[in-house]
Amino acid sequence: MMLPPVDEQVIRENPEFSKLYKTLQNDVLNPDGSTKCDSSLRERTGVQKYLLERAITTTSLPDPKKPTSRPEDTKSRTEEPAQSPTSFADLLLVLPSLIDSDQPTEPEVAAEILRYSLFSEFDSHLPELGDLVSANLHASALSVARIAHLSTDSSTLPRHIPSLPADHAALRDRLSEARLMLMKGRLKALVASINLLQSYTQSLALLVQSLESKHGLASRNLELRALDVSQDAQQTEIDANAALDNVSKDIYSPKAISALKNYASHLKDAQGRTAERVRGLQAELAEYSVGKHEDGRKEKTMREMARVYREIESQMEDVKKDLDRLDDRRS
1 MMLPPVDEQV IRENPEFSKL YKTLQNDVLN PDGSTKCDSS LRERTGVQKY LLERAITTTS
61 LPDPKKPTSR PEDTKSRTEE PAQSPTSFAD LLLVLPSLID SDQPTEPEVA AEILRYSLFS
121 EFDSHLPELG DLVSANLHAS ALSVARIAHL STDSSTLPRH IPSLPADHAA LRDRLSEARL
181 MLMKGRLKAL VASINLLQSY TQSLALLVQS LESKHGLASR NLELRALDVS QDAQQTEIDA
241 NAALDNVSKD IYSPKAISAL KNYASHLKDA QGRTAERVRG LQAELAEYSV GKHEDGRKEK
301 TMREMARVYR EIESQMEDVK KDLDRLDDRR S
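If you use full-length UniProt numbering, the sequence shown corresponds to residues 1 to 331, in order.
Here it is, written out as structure tokens:
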């Protein structure tokens, strides 16, 4: 994991942190985030160097007096597998299944497998196996070199095979640097966006200030006038409420208010009694079939009788008045 980038503004505003960050970035950590002061790495490097020196010192050079024996050996080796191509093909078919097995082979099973004649001739097939593995590795290395050096001619690709580890390390370093630069670019873009938003905010503030300086007097005058009118309206409302209270007190004294309340309650009681009386009269009229639609003749008869009764009453009153006048004359 690489060292995360830090905002340049934070680095500028914190000198002590800037020194610490640069020390970590240049002296303590690698671009991939690993430490440069790894004691185990130094030990491994020393052990590898020691083993390499020991291998060089203990390896003896071939005897130049025996060059004639090699063609015979190679000839015999090439003749042996030529005599048994089927066994070599069977060996090629069996070996991948044994090597690629996820579960380790038990010792008894391995010993049983090695007893077959196919594996008894394994030593004689080692040169062919070595040539086949070498050819496959060489082809794979050429493919990797072709990918690493796209602009290089195919005839010169084998020259780049020894430098593939260095090319791979360089590509990893370039990839780490590209990731770091990408993160820094994103951080710079974020800072630029923040600065742009701040610039827009400042421009809007300046625009508001210019509008206020240009139209501020008129708007302030209108605001003050509106405030004055609002205060006048509030004062008028307060005065109207006070005048209403005073007039109400003058017109309706406490005694008058109490009398009106009593009168209102009396009217409510009278209204209730009137409604009760009306319901009683309607019930009495219903006994005489008045107000019922099923028998209209009885209702007409009763109305006619009421009219005649009123006429008789009026005639009786006239007679009483005439008698009273006669009594007055006699007296």
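Note that the Cβ used here is the ideal one computed from N, Cα and C, for glycine as well.
CB residue 161 to CB residue 135, shorter than 7 angstroms?
By 1-based counting over the sequence shown, the position of residue 161 is 161. By 1-based counting over the sequence shown, the position of residue 135 is 135. Cβ distance not < 7 angstroms, so residue 161 and residue 135 don't count as in contact.
Could you check whether residue 4 and residue 187 sit closer than 7 angstroms to each other, using their CB atoms as the reference points?
The residue labelled residue 187 in the question sits at position 187 within the sequence shown. The residue labelled residue 4 in the question sits at position 4 within the sequence shown. Contact: no.
Based on DSSP bridge pairs, tell me the residues matched to residue 29.
On the sequence shown, position 29 is the one that residue 29 refers to. Its beta-bridge partners are 35.
On the three-state DSSP scale, how would you describe residue 161?
The residue given as residue 161 occupies position 161 in the sequence shown. Coil, per DSSP.
Once the 5 residues before and after residue 184 are set aside, which same chain residues still bring their CB inside 6 angstroms of it?
On the sequence shown, residue 184 is found 184 positions in, with the first residue counted as 1. So the list reads 5, once near-sequence residues are dropped.
Distance, Cα to Cα, residue 154 vs residue 127?
Numbered from 1 along the sequence shown, position 154 holds the residue referred to as residue 154. Numbered from 1 along the sequence shown, position 127 holds the residue referred to as residue 127. Distance between the alpha carbons of residue 154 and residue 127: 28 angstroms.
Within the same chain, show all residues whose beta-carbon is closer than 8 angstroms to that of residue 35, passing over the 5 residues directly before and after it, in chain order.
Locating residue 35 in the sequence shown gives position 35, counting from the first residue. Cβ neighbours of residue 35 beyond the five flanking positions: 28 and 29.
Assign residue 253 to one of three DSSP states: helix, strand, or coil.
By 1-based counting over the sequence shown, the position of residue 253 is 253. Three-state DSSP puts residue 253 in coil, outside helix and strand.
Whole angstroms is fine: what's the gap from residue 314's alpha carbon to residue 253's?
Residue numbering aside, residue 314 sits at position 314 when the sequence shown is read from its first letter. Residue numbering aside, residue 253 sits at position 253 when the sequence shown is read from its first letter. Computed Cα separation, rounded: 48 angstroms.
Please state whether DSSP places residue 83 in a helix, a strand or coil.
Sequence index remark: in the sequence shown, residue 83 carries index 83 (1-based). Unreliable placement is indicated for residue 83, whose pLDDT of 44 sits below 50; the coordinate value is still reported in the next sentence. Residue 83: helix per DSSP, three-state reduction.
Can you tell me whether DSSP reads residue 217 as helix, strand or coil?
Taking the sequence shown and counting its residues from 1, the one referred to as residue 217 is at position 217. The answer is helix: DSSP assigns residue 217 an H, G or I state.
Do residue 157 and residue 169 have their CB atoms nearer than 7 angstroms?
Locating residue 157 in the sequence shown gives position 157, where the first residue counts as 1. Locating residue 169 in the sequence shown gives position 169, where the first residue counts as 1. Contact: no.
Could you pull the start and end residues of the alpha helix (DSSP H) that residue 144 belongs to?
Looking up residue 144 in the sequence shown gives position 144. 126-148 is the span of the alpha helix (DSSP H), which, as asked, contains residue 144.
Check the Cβ-Cβ distances between residue 312 and every residue of chain D, and say whether any is below 7 angstroms.
This model lacks chain D altogether; it includes just one protein chain.
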